[in-house]
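Asker: This structure is in structure tokens; I'll ask about it shortly.
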Amino acid sequence: MKILILGSGGREHALAWKLNHSPKLNKLYVAPGNAGTSAMANNVPIGVNDFPAIKDFVIQEGIDMVVVGPEDPLVNGVHDYFLEEDQLKHIPVIGPQKAAATLEGSKEFAKEFMMRHQIPTAQYESFTKDNVEAGYEFLENLQAPYVLKADGLAAGKGVVILNDLNEAKAELRSMLLDEKFGSASATVVIEEFLDGIELSVFVLTDGENYKTLPTAKDYKRIGEGDTGLNTGGMGAISPVPFADKDFMGKIEERVVKPTVEGLKKDNLPYKGFIFIGLIKVGNDPKVIEYNVRMGDPETEVVIPRIQNDLVEVFEAVAGQALDKIDLQIDERTATTVMTVSGGYPGSYEKGKEILGIDSIEDSIVFHAGTKLENGKVVTNGGRVMAVTSYGEDFKEALKQSYKNVDKLSFEGMNYRKDLGFDL
Ligand code: AMP
Ligand code: GLY
218 MKILILGSGG
228 REHALAWKLN
238 HSPKLNKLYV
248 APGNAGTSAM
258 ANNVPIGVND
268 FPAIKDFVIQ
278 EGIDMVVVGP
288 EDPLVNGVHD
298 YFLEEDQLKH
308 IPVIGPQKAA
318 ATLEGSKEFA
328 KEFMMRHQIP
338 TAQYESFTKD
348 NVEAGYEFLE
358 NLQAPYVLKA
368 DGLAAGKGVV
378 ILNDLNEAKA
388 ELRSMLLDEK
398 FGSASATVVI
408 EEFLDGIELS
418 VFVLTDGENY
428 KTLPTAKDYK
438 RIGEGDTGLN
448 TGGMGAISPV
458 PFADKDFMGK
468 IEERVVKPTV
478 EGLKKDNLPY
488 KGFIFIGLIK
498 VGNDPKVIEY
508 NVRMGDPETE
518 VVIPRIQNDL
528 VEVFEAVAGQ
538 ALDKIDLQID
548 ERTATTVMTV
558 SGGYPGSYEK
568 GKEILGIDSI
578 EDSIVFHAGT
588 KLENGKVVTN
598 GGRVMAVTSY
608 GEDFKEALKQ
618 SYKNVDKLSF
628 EGMNYRKDLG
638 FDL
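Residues in the sequence shown are numbered consecutively from 218, following our numbering.
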């Protein structure tokens, strides 16, 4: 098999690392990749949304399968593009078609999907510039805090939670009338605040069958104690200790099954990962979001716990034979700690040399924002490198990750030292 992965983060490095273990793999390419993927695959300088260049490359190299990391190309229809091109339509793409990718591309679409299929979620209503007044009224009838969500993709910044009613109204105005998030906030979903602890569940489906992958919890805020600005994710733990058998049973029956069945009923073809963001309210799961891809850094803890040959698993997704796969999961806990550039998630500098990578032992280093420059690994993004470790429990695994993070250094390096504090 010759496989092309689209993307350049820690998620794509973890997927490349795992695919590389398969005896079925002949050649692996990552477009555009990072310094980490270049050590185990061939990086290709093609952007994830440059479909014609991807097409030329796939034909030229005789690629047998494309695995899509981020949501952007999915929401832009990369899978549909392959199906519409005679020279590409026989090549499996792991990732949903555009219609189903709207589950991530539009919050309103996702909420309507959940309502239609009785999937538990927060009560909501959506508004546009034509009914701002109704939006104010809706806010007045809700209890604080107020949750406002830009409908479209807003680089993870489109959800605003406010305690003050007047601030919430001002925010609604700014999203709808001042286009705070551009066209992404032309529609705004306002919803009931859910009070509880968050976790994520990952599902792999071939459109007919599905496998529930390990759970994970990520730490989104930059500051210790979950304070400060949101980031892409500062670290993750899998499995989530409080997701016991009883709770997982509820998630399976109330969320996972109706989601996969709902996709079928709505005629939304789906071959790929579904990332379900949940809040545990009391003892019940409620869905806060769908993503149509794996999470980052969740992939860096979920994928290392899957013991199957990932090429075989993806072949089963493509061939709609996931029911034939017996998923084997490592019982150990995996944790990952993300090192980030100084200043992130605000502005930060790039090009800082990263030292100490070779001295890391008994952990796996997944590169995120890195690149090679004159033979040196340098920073090339906000999130730089994730250090993943196994342990009997999350405390043991974290201890190992932190021990190795201490060996890494680059100017301005920052990371959260309190992962797991809430467990
Ligand atoms: P989302 O992009 O929908 O995942 O939202 C980003 C973050 O906002 C989530 O990870 C939650 O922490 C928070 N959030 C979203 N919706 C709600 C809600 N209804 N109640 C409480 N917190 C929420
Ligand atoms: N870590 C959150 C995400 O990938 O969306």
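Backbone N, C-alpha and C fix where the C-beta goes; we use that ideal spot for every residue, glycine too.
Given ALA270, which residues of its chain have a CB within under 7 Å of its CB, disregarding the five upstream and five downstream residues?
Answerer: So the qualifying residues of the chain are ILE263.
Asker: Check whether the Cβ atoms of VAL292 and GLY250 sit closer than 8 Å, and answer yes or no.
Answerer: No, the pair does not count as a contact, with Cβ atoms beyond the cut-off.
Asker: I'd like the list of long-range same chain contacts for LEU389, defined as Cβ closer than 8 Å, with 5 residues on each side in sequence excluded.
Answerer: These residues qualify, in order along the chain: PHE344, VAL349, GLY352, TYR353, LEU356, LEU365, VAL405, ILE407.
Asker: What is the DSSP secondary structure of GLU425, counted as helix, strand or coil?
Answerer: The answer is coil: DSSP assigns GLU425 none of H, G, I, E or B.
Asker: Residues with a Cβ closer than 5 Å to any heavy atom of ligand 1, in chain order?
Answerer: Ordered along the chain, the selected set is ALA339, VAL364, VAL376, GLU408, PHE410, LEU411, GLY494, ILE505, GLU506.
Asker: Note the first and the last residue of the continuous beta strand (DSSP E) segment covering SER391.
Answerer: First-last for SER391: 382-393, but that is the alpha helix (DSSP H), not the beta strand (DSSP E).
Asker: Taking the C-alpha atoms as reference points, what is the distance between VAL418 and GLY536?
Answerer: Near 23 Å, if we compare the C-alpha coordinates of GLY536 and VAL418.
Asker: Looking at the strands, I want to know which residues DSSP matches up with VAL457.
Answerer: DSSP lists no partner for VAL457.
Asker: Based on DSSP bridge pairs, tell me the residues matched to ARG600.
Answerer: Answer is VAL557, bridged to ARG600.
Asker: Taking buried to mean at least 16 other C-beta atoms within 10 Å of its own C-beta, is ARG333 buried or exposed?
Answerer: Label assigned to ARG333: exposed.
Asker: According to DSSP, is ASP435 helix, strand or coil?
Answerer: It is a strand residue.
Asker: From the DSSP output, which residues share a beta bridge with SER417?
Answerer: Note: SER417 sits in a beta bridge opposite ALA433, GLY494.
Asker: Using a Cβ-based criterion (distance less than 7 Å to any ligand heavy atom), does PRO514 qualify as near ligand 2?
Answerer: Result yes, Cβ under 7 Å from ligand 2.
Asker: Whole-angstrom Cβ separation of GLY253 and VAL285, contact assumed at under 8 Å?
Answerer: Not quite, the Cβ-Cβ distance comes to about 18 Å (not below 8 Å), so this is no contact.
Asker: Measuring from the CB of ASN508, is there a heavy atom of ligand 2 at a distance below 7 Å?
Answerer: Yes, since a heavy atom of ligand 2 falls inside the 7 Å radius drawn around the Cβ of ASN508.
Asker: Evaluate contact between the segment 419-431 and the segment 622-629, counting only Cβ atoms and requiring at least three cross-stretch pairs below 8 Å.
Answerer: Not touching, per the Cβ criterion.
Asker: So if DSSP puts THR550 in a beta bridge, which residue, or which two residues, is it bridged to?
Answerer: For THR550, which the question treats as bridged, DSSP gives the partners GLY608.
Asker: Does the beta-carbon of GLY449, which I'm using as the reference point, lie nearer than 7 Å to any heavy atom of ligand 2?
Answerer: Answer for GLY449: yes, Cβ within range of ligand 2.
Asker: What would DSSP say about ILE505, mapped onto helix, strand or coil?
Answerer: Strand, per DSSP.
Asker: Run the CB neighbour count on GLU517, radius 10 Å, all protein chains shown included, and call it buried at 16 or more, exposed below.
Answerer: Buried.
Asker: Starting from the Cα of MET257, find the closest Cα among TYR507, ILE222, GLU325, GLY608 and give me that residue.
Answerer: Looking at the Cα atoms, ILE222 is the closest of the given residues.
Asker: Kindly say whether LEU389, judged by its beta-carbon, lies nearer than 8 Å to any beta-carbon of chain D.
Answerer: The chain labelled as chain D is not found in the depicted structure, where only one protein chain is given.
Asker: With a Cβ-Cβ cutoff of 8 Å, do PHE583 and HIS238 count as a contact?
Answerer: No. Outside cutoff.
Asker: When you compare each of GLY373, GLU515, ALA367, SER255 to GLU325 by their alpha carbons, which one comes out closest?
Answerer: Among GLY373, GLU515, ALA367, SER255, the Cα nearest to that of GLU325 belongs to ALA367.
Asker: Can you tell me whether LEU300 is helix, strand or coil according to DSSP?
Answerer: Helix at LEU300.
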